[in-house]
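For reference, the structure is listed below as structure tokens.
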Amino acid sequence: MCRHRGPGKAVGHLPSPARGVAASMNLHMNRGFIRLLCALLVLPWLGACSTGQLVARSSVSIMDGSVDAMNRETDLDLARTAIPANLKLMEGLINEDPDNAELLTYAAQGFYGYAFGFVELDQPARAAALYARGYAYGKRALQALGLQLDLDHAGVDELEQALQGLGDKAVPALFWTASCWAKQIDLQRDDPARIAQLASSERLMRRVLQLQPDFYHGGVYLYFGVYYGGRSPLLGGDPQRAARYFEQARAVTGGRLLMVDVLQAEYLERQRLDRERFHRLLSRVVATPVGVFPQMALANQVARVRAERLLQHETEWF
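Sequential numbering from 25 applies to the sequence shown in our numbering.
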């Protein structure tokens, strides 16, 4: 009988800065090849599994290396071109092993990253559709991990109770599902039904905050900074609370993740009409070399582009 591989490393875990891209990719590719070869050699004794399932499950370690290498990429055009092909590869693997929580989580992460980094600023409607695809994969990942309820229709109290049954293994799926869901809602604010789902997205991320608060370089704190900073107090916003979350996110990486400053300016400082801080945060991002955080060089490149675009609209907003 075919058995699932053990849980892989959490999405967002990166090799140490001392390891280069080539070394990281070679190591992961070799491991992936060995696992794939072993899987094929024992195929006659594993009749319960299809060849496609074995290939899909043996490819997860290769995905680990691919994500690490992409996070270190500094050429935005190369990343923009490469990511869609990687997404289709993941979808093909998921077709072969549709209940593989790791692959489903990678798909959610991939659609989020592509939509946020390369689509949202110029094509918000298309970005919303991509976030929806990521959210759909995230929901499937959570179902594979044991969350047996309909996220779109479950009550908040029912959801909160069900989430207590998920532990550390579910953190990556919770994080990327909540992230995709929140961004889809953010881009569809004219839909009251969509806005009503924001509380459920928050409950998913709240569970991550309980389990692994520093997950993905402080991304959990960043989520809550935007959550409380992007709305007026009349609609549930809390500027002081948002500011604390942004500071916590900044502390996780020692200020090296430039997206923290960008999102604080975009959401919190615009909401409280603090033009001086808006300009100062974004100007600092534009002036900071992306190499300050090699493990997340691509995110820092995206942050610089977003900062430049936001600065172009400064006089319209203040």
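No residue lacks a Cβ here, since even glycine has one placed at the ideal position from N, Cα and C. Computed from a predicted model, the values in this text were never measured in an experiment.
Which residues bound the alpha helix (DSSP H) around residue i?
i: K193; result: Here K193 belongs to no alpha helix (DSSP H), and DSSP marks it neither H nor E.
i: H337; result: Segment: none, H337 is in no alpha helix (DSSP H) and carries neither H nor E.
i: A109; result: 100 to 120
i: Y252; result: 239 to 253
i: S307; result: 299 to 311
i: Q185; result: 180 to 187
i: R213; result: It is not in any alpha helix (DSSP H) - R213 carries neither H nor E in the DSSP assignment.
i: F140; result: Per DSSP, F140 belongs to no alpha helix (DSSP H) and is neither H nor E.
i: A160; result: 148 to 168
i: M283; result: 283 to 287
i: M229; result: 222 to 235
i: P269; result: The residue you asked about is not Pro; residue 269 is Tyr in the sequence shown. Segment 263 to 276, the alpha helix (DSSP H) holding Y269.
Here's a check: name, in chain order, each residue in its chain whose Cβ is nearer than 6 Å to the Cβ of residue i, leaving out the five neighbours to either side.
i: L65; result: Only weak support is given to the placement of L65: the predicted model assigns it a pLDDT of 48, under 50, and the value that follows is read from those uncertain coordinates. Here the set comprises nothing.
i: V45; result: Residue placement at V45 cannot be trusted, given a pLDDT of 38 that sits under 50; the coordinates are not used to answer.
i: R274; result: V284
i: S344; result: The chain is shown only over 25 to 342; residue 344 falls outside these bounds and no answer can be derived.
i: E192; result: Residue identity differs from the one stated: residue 192 is Asp in this sequence, not Glu. Answer for D192: L235, listed in chain order.
i: A139; result: A151, L154, Y155
So, for residue i: in the same chain, excluding its five sequence neighbours on each side, which residues have a beta-carbon less than 7 Å away from its beta-carbon?
i: Q212; result: A152, R218
i: H52; result: Residue placement at H52 cannot be trusted, given a pLDDT of 44 that sits under 50; the coordinates are not used to answer.
i: W341; result: R294
i: A125; result: A165, A168, L169, A197
i: T312; result: L282
i: T277; result: H241, G242, F317
i: G141; result: V326
Can a CB atom of chain C be found closer than 8 Å to the CB of residue i?
i: A153; result: The structure shown contains no chain C, having only a single protein chain.
Tell me which same chain residues have a C-beta within less than 8 Å of the C-beta of residue i, skipping the five on either side of it?
i: R261; result: Arg is not the amino acid found at residue 261; the sequence shown has Gly there. Taken in chain order, the residues that qualify are Y252, G253, G254, R255, Q295.
i: L171; result: A186, L187, G189, L190, A194
i: M114; result: M87, L127, Y130, A131, G134
i: Q221; result: D176, W205, I209
i: P263; result: Y252, G253, P257, L292, Q295, R296
i: P68; result: Low confidence applies to P68: its pLDDT is 48, below 50, so where it sits in the model is not reliable, and the reading given next is rough at best. Correct list: empty, nothing qualifies.
Is residue i near the ligand HEM, with its Cβ less than 7 Å from a heavy atom?
i: G162; result: Ligands in the displayed structure: none, and consequently the ligand HEM is not present.
Does the segment 142 to 157 come close enough to the segment 170 to 179 to have 3 or more Cβ pairs within less than 8 Å? no
At a cut of 8 Å, does the segment 119 to 129 reach the segment 192 to 206 through at least three beta carbon pairs? yes
Assess, as a yes-or-no matter, whether the segment 244 to 260 is touched by the segment 288 to 307 under the definition of 3 or more beta carbon pairs within less than 8 Å. yes
Across the segment 309 to 324 and the segment 92 to 105, are there enough close Cβ pairs to call them in contact, namely three or more that are closer than 8 Å? In short, these stretches touch, since the Cβ pair count reaches three.
Given 8 Å, three or more beta-carbon pairs between the segment 284 to 292 and the segment 330 to 338: yes
Within the chosen definition, does the segment 231 to 246 reach the segment 259 to 272 through at least 3 CB pairs nearer than 8 Å? yes
Contact the segment 159 to 166 vs the segment 131 to 144: 3+ CB pairs below 8 Å: yes
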